[in-house]
Structure formats: structure tokens, C-alpha cells
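Working notes, beginning with the structure itself.
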Amino acid sequence: MSVISRPWNRLSLAGKIILPLLLLLVLLTVGLFVGWQIGLIPGVLDIGAQLINANIDIVRFLLAATAILLVTIPVAFVIIFMEMKVIAFLASRIGPNRTGPWGTLSSVFHGFKVLAKEDFTPTGADAPVFTLAPIVTYLASVMALLVIPFAPGLVGLDMNIGLLYFFAVSGLTVVGLMMGGWSSFNKYSLLGGLRAAAQIISYELPLLLAPVGVIMLAGTLSLNQIVLNQSGWFWDWYVFQQPLAFIIFFIAATAEGNRTPFDLTEADSEIVAGFATEYSGMRFGFFFFAEYVNVFILSALSVVLFFGGWNAPIDPRPILDLLNVSINPAIDLAGMGIWLLWGLVIGVPLLIVLLALPIWMLKSSWSFLTSLIVAFVLFNVIAVGVIGIWMFLSFEVVVGLFWFLAKTFTFVFIFVWMRGTLPRVRIDQLMGFAWKWMVEIALLNIFVTAGAILLIQELSRR
Amino acid sequence: MSALNRIPGWGMAMGMVHTFVRFLQPKVTVQYPEEIQEISPHHRGRLILLYDEAGNLKCETCFQCAMACPIEVIDMGGVDTKNRFHMHWGPPEQYAERREESALRRSGRPVPDRSFTAWLPIDLGPLEEILVAHDYDPRRLISILEQTQAEYGHLPVAALQHISHATGAWYSEIYGIASSFPNLAFEPGRVAEIGLCPCANCSLLGGGRIRDALVAALATDVGGVAPDGSVRFVATECGGDSRDEPLVTLDGQPQPGMTADKARELAESLRAAAARPGRA
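Structure (C-alpha cells):
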């Protein structure tokens with residue numbers, strides 16, 4: 000064996016990684032070539048394609064679920080970072096600024112930290128339930144995201160009962176919290192779980208009743224259709240027809256997402272951390288992951304129901320027609336032929352050098368290499384910007400996604416802003432507010448909306 | 000505001016506005032290891048008293064720290080055997096002298112030994128005249144002290160001692176009277192302050208002529224100090240209250256019936272009073 004082990008031991012660490020990868024690449028290439036030649040791979044691909052075609056709905060669902068599951072991770076990290084940075088800014092501080100540019104990687108490192116912590120199960124805990132609780136909480140949030148329309152055509156599952164599905168699934172969050180509180184074998188956890196359940200169930204009512212007005216106006220439960228109904232200018236959004244419903248919905252969503260001023264489920268500065276008292280490591284992390292995903296989901300739902308979803312606030316087409324301007328940024332890449340290749344090979348380095356020259360001349364303290372690197376970064380930024388603008392102008396999906404994310408993150412910002420400003424309410428005030436005010440006002444809103452709809456129908460019939 | 004406060008959620012909205020303004024404002028954080036804040040050279044950190052192993056105070060009340068302290072925050076006090084609180088560090092006039100000295104030292108100027116100059120002999124001629132006019136009567140001490148102040152500009156220790164000797168009044172009695180009247184001072188160099196309202200109304204009512212006279216007499220314009228440092232010439236605000244004469248103040252007190260000539264006389268008398276008569 001020394002024939003292999005001696006040269007292997009002489010390799011550096013990088014070599015020990017790269018050499019097996021090279022071997023793997025060679026084997027894969029040979030295998031693929033041979034497989035293609037004897038007709039094995041085309042056959043397998045054919046069978047695969049037939050299978051996919053036969054079960055297209057299942058495949059689509061699995062793909063959408065996977066995509067949504069993956070999307071929640073960066074979204075949660077961005078919101079955690081926003082939370083740290085925005086609250087710091089609201090308090091005249093700078094906030095995280097050590098890891099990554101402007102501290103952007105700090106939430107990622109928080110994630111690593113949580114992963115590295117000991118995952119501890121207390122003695123006497125109901126271990127399976129204790130382990131399942133964060134998963135249930137997290138999955139309830141993720142599954143609810145499935146019906147949110149992100150952009151025209153970009154919706155995980157366009158159900159005709161989308162809103163009902165959303166509330167049904169996101170209501171499962173409370174089951175996870177109760178599981179966590181019960182299985183911890185700790186009276187504080189149990190009390191915290193019960194408190195969380197009481198709060199969330201109380202606010203579920205106004206949260207469900209508030210959009211009923213919107214449903215009556217839209218005549219559908221499909222979130223995609225509700226967004227389509229709001230297309231046009233921003234005054235077509237439902238918030239201008241249902242302002243009261245929006246206010247109730249927003250307050251209830253704040254309580255539903257356990258956000259300040261209603262974050263009594265884990266009021267970290269006042270009471271024991273509620274249902275999460277006995278949790279540590281990534282299981283604890285999943286609860287908070289779920290909370291931040293919940294913030295995103297509730298913001299997204301507010302946007303979808305009341306702020307036009309992915310519709311732009313203004314309709315640029317009449318203005319462009321009026322100005323007699325037509326933008327057609329379609330680029331015929333195939334028609335450019337060899338010039339595309341030349342442009343990529345020569346044009347890009349030439350542009351970088353052209354960018355580097357003025358930097359080098361203006362900044363005498365920098366070497367040409369430094370200014371070249373800066374110019375490279377600058378070129379990338381400009382190129383990404385140009386491509387972004389081109390995509391914005393060319394693809395409806397990109398425009399829709401842009402507006403949807405812009406509106407959603409505005410709401411996320413408002414949630415964070417509220418957390419940075421408002422003090423917590425007392426538990427009896429919280430419950431009293433839900434039962435004595437919110438439910439009644441939501442019901443009133445339903446009756447008034449119904450009356451108005453009947454009145455308009457009656458008037459239009461005459 | 001009270002009407003707005005009745006709107007539910009108004010206070011919350013105002014709080015949100017407040018934090019949003021903070022959001023946009025520059026931040027107060029100092030990135031410590033990279034960025035070191037400007038600290039005054041006088042800063043000595045937190046002052047603590049040290050104890051020895053046995054738990055006894057190491058301080059021996061030598062007052063060297065109080066003497067060396069550039070900003071004069073160190074002081075020592077305690078209770079005596081009858082549980083009366085009193086400072087260990089000298090009487091108030093010595094405080095004032097120390098303070099003055101410290102100010103000079105901080106500004107980098109040479110420090111005269113005030114505790115010595117306060118005891119310097121003075122020309123007792125004018126004081127003797129005042130005492131003769133008052134018939135060496137210790138019951139007229141206030142008048143004697145006021146005239147001495149007017150004559151010497153302040154109350155030198157030598158003058159107080161001479162008054163005590165000549166009238167038979169106790170030094171502590173004289174000291175008590177002198178320290179309880181705000182217009183009597185133990186230190187020279189009390190800067191008088193002449194204020195003049197620069198508003199258009201006062202200028203039209205003759206303020207311009209008064210200003211010219213004061214500029215000539217004080218050799219400085221509004222906002223400046225006379226060359227000998229005796230009088231500060233500042234702008235005041237009549238607030239539109241001047242009806243028929245311009246507002247002129249002396250140490251913040253309005254001086255009614257002021258004309259250009261009177262203003263010149265006032266300024267000259269103030270400068271003459273500060274010219275340390277009776278000193279070599």
C-alpha cells in the first residue's frame with residue numbers, strides 16, 4: 000500500500016482535496032460518455048421525463064415546497080440582520096459591523112453559533128414531542144408561505160381556497176408552541192406554552208375576521224385572484240376600501256407573530272422565556288427561525304390582501320403613451336454572433352482597464368493593481384445594476400417580485416420599527432384588547448362591508 | 000396637544016416618529032479600539048480612596064492631591080468630635096485664590112502668588128481719610144467698607160486689618176460683614192459689565208451716541224473688554240420695552256436716565272476704580 004500512501008502523504012491539504020475531485024471528474028466524464036454511447040443515459044432520462052410528466056402535479060408541489068423551504072433561510076437571515084441593524088439605528092447605535100461588510104454576515108454567524116451549541120434534552124422530557132415541537136412550528140410557517148403569490152406566475156400552489164389554507168396551516172404554529180411547552184417537563188415552559196396558546200388563539204379571531212371584508216369584495220379566497228383584482232393604480236388596493244380591516248389585521252398579525260408590543264410569549268426581559276425555556280441549540284434556533292419567517296409571511300399577507308401584492312403602485316403605460324416613449328430593451332443575443340464572444344473576451348477587460356485608469360490617476364497613493372481590483376468590483380456592480388434594470392424592463396416576473404419584496408420588506412421594517420419603539424403590553428390588557436375591541440370591530444367591519452355591497456348592488460340594479 | 004393626546008394611539012405614533020428621527024440621525028457609537036475619543040488632558044479617571052490590607056484608609060489628609068488637582072475637584076471634608084461637618088481645606092477666600100490661580104495655570108499664564116499679594120502692605124493714606132470721615136466708628140463699618148472698596152477696587156487684607164486695628168472691631172466681624180455683602184469683594188479684578196441694547200428702537204432713542212461715548216471711554220466695541228480688563232461691554236436685549244430712552248445696564252441692572260456724558264463718566268469711573276489705587 001505504500002505505493003499509494005507515500006505520495007498521498009506528501010500531498011498538501013489542498014492537493015488531498017483536489018486530487019480526488021479530479022479523479023471523480025475523470026470517472027464521471029468517462030462514465031457519462033460510455034453511458035451515452037451505449038444508450039443507458041438517454042434511456043434513463045427518457046423514463047425520468049415520462050415519470051415527471053405523469054406526476055407533474057406532485058413534482059411541481061415538491062419543487063415548490065423545496066424552493067419555499069430554501070427561500071425561508073435567506074429571508075430569515077435578512078430579517079434577523081435587519082432586526083439587529085434597524086433597532087440599533089433606532090437607538091442611535093451602529094449595530095453589528097464586524098462580520099462582513101456592515102455586519103451583514105453577523106446573522107449567518109449567529110446561525111453557526113446556534114448550530115455549534117449543545118442540543119440538550121432535559122431529563123424527564125417527552126423526547127419525541129420535545130424534538131418535534133420546533134419542527135412543527137417551523138413547518139407551519141413554511142407551509143403557509145406556499146400559497147403566497149410572489150410575482151405573476153411565481154406562486155407555489157395557486158389554490159382556490161388559498162386564504163383558508165393559509166390560516167389553517169399557520170394556525171398550526173400554536174400546536175408546536177403547546178408541544179414545546181408541554182414536553183419540556185418544566186412548569187414555566189408549560190405556563191409559557193399555555194400563555195402563547197391563549198394569546199395566539201385570541202388574536203386568530205380578529206386575524207381571520209378582518210380579511211372577510213376583503214374576501215367579500217374580491218369574491219374569492221384565491222390569493223392570486225385577490226392580487227389580480229387590485230391591479231392598476233395604487234388607489235385600487237383594498238387598503239383604501241377596507242382601512243379598518245387593515246388596521247385590525249395588522250394589529251392581530253403583530254400579536255400572531257409574537258412581535259412587540261405583543262411579544263408576551265417570550266418576553267425575554269420580564270418573564271422566563273416562555274415555552275422555549277428548556278430549549279437550546281438549533282431546536283431553540285428553529286423556534287426563532289419560525290418567528291422571523293412568520294414576520295415575513297404576515298408582512299407578505301398584509302401586502303397581498305391590502306397593498307396590491309406584486310402590482311406596481313403606478314401604472315407607467317399611460318404615462319409612457321402620453322410621452323410617446325416606448326422602451327424595448329429586448330436584446331437579440333443569438334443575432335450578435337461572434338461579436339458577443341469578442342465583446343465578452345475583449346470588451347470586459349477593456350472596460351475594466353478603462354475604469355481603472357481614472358481611479359489610478361486620481362488616487363496617486365494606489366498602485367495600478369489596487370485600482371484594477373477596485374475597477375473590477377465597480378464593473379461588477381455596474382454590470383449587475385445594468386442587468387437588473389434590463390431584467391426589470393424585460394420580465395414581468397422581475398418587476399412583480401421587486402414590488403412584492405419592496406412592499407413586504409417595508410412591512411418587515413415597520414414590525415422591526417415597532418419592536419424598537421413600543422413597550423410591551425400587560426397580558427390582561429392584551430387579552431382584553433382582543434376580546435373586547437378587536438373582535439367586535441372586525442365583526443362591525445364585516446356587517447358594514449356587507450351592507451355597503453348590498454347597497455351598491457341595489458343602487459346599480461335601479 | 001391635549002386634544003391630539005385623546006386620539007387612541009397618538010402617543011404610540013409620536014414614539015414611532017421619535018425613533019424614526021433617531022434612525023436618520025448620526026449615530027453616537029464610538030468604535031473604541033480603532034477610534035479613541037478625545038479626552039481632556041485634565042481627565043484622571045475615577046477618583047477612589049485606597050485602603051491598606053487591614054482595611055484602613057491610606058489617606059493621610061496631606062492635601063497634596065487637592066493642591067495638584069488641575070480642575071479642583073478633590074476636596075476633603077469630615078466631622079469633628081462634636082459631629083459638626085466642616086471642610087478641612089481652608090476658608091473660602093483661600094478657595095477663591097486657589098481657583099483663580101488654577102485658572103491662570105490652566106490658561107498657561109504665569110501665576111502670581113495671590114496668597115502672598117493679598118497680604119502685601121498697601122498705601123493706607125486714603126483708608127485713613129475714610130476712617131477719619133467716619134470718626135473710627137465701628138458701628139459704621141458697612142459704609143467704611145463700601146468706601147474702601149470704591150477706593151481700592153477691592154478689600155485687601157491689609158486694609159481690613161487696619162480697619163480692625165483702628166476701629167477696634169474684631170477682624171472676624173469685619174470679615175463677616177465683608178463676605179455677606181455681594182458688592183464687597185476680597186479679590187481685585189472684578190469685571191464690571193456694561194450692557195447696551197443694540198436694537199433699532201434704542202438706537203433711535205439715543206443709543207448710538209451712548210455707544211460712541213462708551214466705545215471712546217472703554218476703547219472697545221460691543222462684545223469686547225476694556226484693555227485693562229476692568230469692564231466688559233456687552234449687548235443686552237430690551238425686548239421692545241424701551242419707550243423713551245435706550246436700555247443701558249450695569250452688571251445686569253438697568254440704569255435709567257442715561258445720556259452719553261453720564262455713560263462716559265460711568266465707564267471712566269469703573270475703569271478708575273479698577274486701576275488699583277494705593278498700589279505701587
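Chains as they are written, first to last, in numbering that gives the first Met the number 0: chain A, 0 to 461; chain B, 0 to 279.
No residue lacks a Cβ here, since even glycine has one placed at the ideal position from N, Cα and C.
These numbers were taken from a predicted model, which means no experiment stands behind them.
Option in A/274, A/234, A/312 with minimal Cα separation from residue 190 of chain A
For this step, residue 190 of chain A is matched to residue 191 along the first sequence. Among A/274, A/234, A/312, the Cα nearest to that of residue 190 of chain A belongs to A/274.
Using Cβ-Cβ distances below 8 Å, what residues of the region 416-431 of chain A are close to chain B?
Those residues of the region 416-431 of chain A that come within reach of chain B (Cβ to Cβ, closer than 8 Å) are 416, 417, 419, 420, 421.
Beta carbons nearer than 9 Å to chain E: which residues of the region 87-112 of chain A have them?
Structure shown: chain E not included; protein chains present are A and B.
The region 152-172 of chain A contacting the region 222-242 of chain A, beta-carbon criterion three pairs below 8 Å
At 8 Å Cβ cutoff, the stretches touch.
Please go through the same chain and pick out, in chain order, the residues whose beta-carbon is closer than 8 Å to the beta-carbon of residue 123 of chain A, but skip the five residues on each side of it.
Position 124 of the first sequence, counted from the first residue, corresponds to residue 123 of chain A. Setting aside the 5 residues that flank it on each side, residue 123 of chain A is surrounded in the same chain by 184, each with a C-beta closer than 8 Å to its C-beta; the list follows chain order.
Rounded to whole angstroms, what is the Cα-Cα separation between residue 18 of chain B and residue 10 of chain B?
Mapped onto the second sequence, residue 18 of chain B falls at position 19. Mapped onto the second sequence, residue 10 of chain B falls at position 11. One C-alpha to the other measures close to 12 Å.
On the DSSP letters alone, give me the boundaries of the beta strand (DSSP E) that residue 194 of chain B sits inside.
The residue given as residue 194 of chain B occupies position 195 in the second sequence. Residue 194 of chain B -> beta strand (DSSP E) spans 191-195.
So which of A/293, A/236, A/126 has the shortest CA-CA distance to residue 258 of chain A?
Your numbering for residue 258 of chain A matches position 259 in the first sequence. Among A/293, A/236, A/126, the Cα nearest to that of residue 258 of chain A is on A/293.
Between B/27, B/43, B/254, which lies nearest to residue 92 of chain A when the distance is taken from Cα to Cα?
On the first sequence, residue 92 of chain A is found 93 positions in, with the first residue counted as 1. Ranked by how close their Cα comes to the Cα of residue 92 of chain A, the residues B/27, B/43, B/254 have B/27 in first place.
Contact set for residue 302 of chain A: own chain, Cβ-Cβ below 7 Å, skip 5 residues either direction
Looking up residue 302 of chain A in the first sequence gives position 303. Once the five neighbours on either side are set aside, the close Cβ partners of residue 302 of chain A are 308, 403, 406, 407, 410.
If you check the beta carbons only, do residue 245 of chain B and residue 201 of chain B fall under 8 Å apart?
To locate residue 245 of chain B, count along the second sequence from 1; it is residue 246. To locate residue 201 of chain B, count along the second sequence from 1; it is residue 202. Yes.
Inspect the CB distances between the region 430-449 of chain A and the region 108-119 of chain A and report whether three or more fall short of 8 Å.
No, they do not touch.
Close Cβ partners of residue 399 of chain A (< 6 Å) along its chain, the five nearest in sequence each way excluded
Residue numbering aside, residue 399 of chain A sits at position 400 when the first sequence is read from its first letter. Excluding its 5 nearest sequence neighbours in each direction, residue 399 of chain A has C-beta neighbours in its own chain below 6 Å: 150, 151, 309, listed in chain order.
Judging by CA-CA distance, which residue of A/96, A/8, A/240, A/59 is the nearest neighbour of residue 145 of chain A?
The residue labelled residue 145 of chain A in the question sits at position 146 within the first sequence. Relative to the Cα of residue 145 of chain A, the nearest Cα in the group A/96, A/8, A/240, A/59 belongs to A/59.
List in chain order: all unbroken beta strand (DSSP E) runs of 3+ residues lying wholly within the region 106-171 of chain A.
Listed in chain order, the complete beta strand (DSSP E) runs (minimum 3 residues) inside the region 106-171 of chain A are 148-150.
If we cut at 8 Å on Cβ distances, does residue 295 of chain B have a partner in chain A?
The first residue shown for chain B is 0 and the last is 279, placing residue 295 of chain B beyond what the model contains.
Quick check: what's the CA-CA separation for residue 202 of chain A versus residue 232 of chain A?
Along the first sequence, one-based indexing puts residue 202 of chain A at 203. Along the first sequence, one-based indexing puts residue 232 of chain A at 233. Their Cα atoms are separated by approximately 32 Å.
Which of helix, strand or coil does DSSP assign to residue 151 of chain B?
On the second sequence, position 152 is the one that residue 151 of chain B refers to. DSSP, reduced to helix, strand and coil, places residue 151 of chain B within a helical segment of the structure shown.
Hey, residue 233 of chain B and residue 247 of chain B are a contact pair by Cβ (cut 8 Å); roughly how many whole angstroms apart?
Numbered from 1 along the second sequence, position 234 holds the residue referred to as residue 233 of chain B. Numbered from 1 along the second sequence, position 248 holds the residue referred to as residue 247 of chain B. About 11 Å; that fails the 8 Å criterion.
Residue 191 of chain B versus B/206, B/251, B/165, B/168, residue with shortest Cα-Cα distance
As a first step, residue 191 of chain B is located in the second sequence; it is residue number 192 there, counting from the start. Here the closest residue by C-alpha is B/251.
Which first and last residues belong to the alpha helix (DSSP H) in which residue 293 of chain B is found?
In the structure as shown, chain B begins at 0 and stops at 279. Residue 293 of chain B is therefore absent and cannot be evaluated.
Member of A/38, A/51, A/119, A/143 whose CA lies at the smallest distance from the CA of residue 289 of chain A:
Here residue 289 of chain A refers to the residue found at position 290 of the first sequence. Of A/38, A/51, A/119, A/143, the residue nearest in Cα terms is A/143.
Report the residue ranges of all alpha helix (DSSP H) runs contained in full by the region 396-461 of chain A; include only those spanning at least 4 residues, in chain order.
As far as the region 396-461 of chain A is concerned, its whole alpha helix (DSSP H) runs of at least 4 residues are 426-432, 438-460.
Closer than 8 Å is the cut-off here; do at least three beta carbon pairs connect the region 128-148 of chain B with the region 171-185 of chain B?
At 8 Å Cβ cutoff, the stretches touch.
Curious, which full-length alpha helix (DSSP H) runs of at least 4 residues does the region 255-309 of chain A contain?
Within the region 255-309 of chain A, the runs of alpha helix (DSSP H) that reach at least 4 residues and sit entirely inside it are, in chain order, 280-305.
For residue 391 of chain A: DSSP bridge partner residues:
Against the first sequence, residue 391 of chain A aligns to sequence position 392. Residue 391 of chain A is not bridged to any residue.
Identify, in the order they occur along the chain, each residue of the same chain with its Cβ nearer than 6 Å to the Cβ of residue 397 of chain A, setting aside the five sequence neighbours on each side.
Counted from its first residue, the first sequence places residue 397 of chain A at position 398. The answer, listed in chain order, is 390, 391.
By Cβ distance below 7 Å, which residues in the same chain neighbour residue 163 of chain A in space, the five residues on each side in sequence not counted?
Counting from 1 along the first sequence, the entry for residue 163 of chain A is found at position 164. Closer than 7 Å at Cβ, skipping near neighbours: 220.
Once DSSP output is grouped into helix, strand and coil, what is the label at residue 232 of chain B?
Reading the second sequence from its first residue, position 233 is the one you call residue 232 of chain B. Of the three classes helix, strand and coil, the one that applies to residue 232 of chain B here is strand, per DSSP.
May I ask which residues mark the beginning and end of the alpha helix (DSSP H) holding residue 26 of chain B?
What you label residue 26 of chain B is simply residue 27 of the second sequence in a count that begins at 1. Careful: residue 26 of chain B lies outside any alpha helix (DSSP H) and carries neither H nor E.
Alpha carbon to alpha carbon, how far is residue 36 of chain B from residue 176 of chain B? Give it in angstroms, no decimals.
What you label residue 176 of chain B is simply residue 177 of the second sequence in a count that begins at 1. What you label residue 36 of chain B is simply residue 37 of the second sequence in a count that begins at 1. Those two C-alpha atoms are separated by around 48 Å.
Express the C-alpha separation of residue 225 of chain B and residue 272 of chain B in angstroms, rounding to a whole number.
Stepping through the second sequence from its first residue, residue 272 of chain B is reached at position 273. Stepping through the second sequence from its first residue, residue 225 of chain B is reached at position 226. Spanning the two alpha carbons is a distance of roughly 13 Å.
In three-state DSSP terms, what is residue 252 of chain B?
In the second sequence, counting from the first residue as 1, residue 252 of chain B sits at position 253. Strand at residue 252 of chain B.
Using only alpha-carbon positions, find the residue among A/81, A/263, A/108, A/72 that is nearest to residue 430 of chain A.
On the first sequence, residue 430 of chain A is found 431 positions in, with the first residue counted as 1. Ranking A/81, A/263, A/108, A/72 by Cα distance to residue 430 of chain A puts A/263 first.
From residue 56 of chain B to residue 47 of chain B, what distance separates their C-alpha atoms?
As a working mapping, residue 56 of chain B is identified with position 57 in the second sequence. As a working mapping, residue 47 of chain B is identified with position 48 in the second sequence. Approximately 11 Å between the Cα atoms of the pair.
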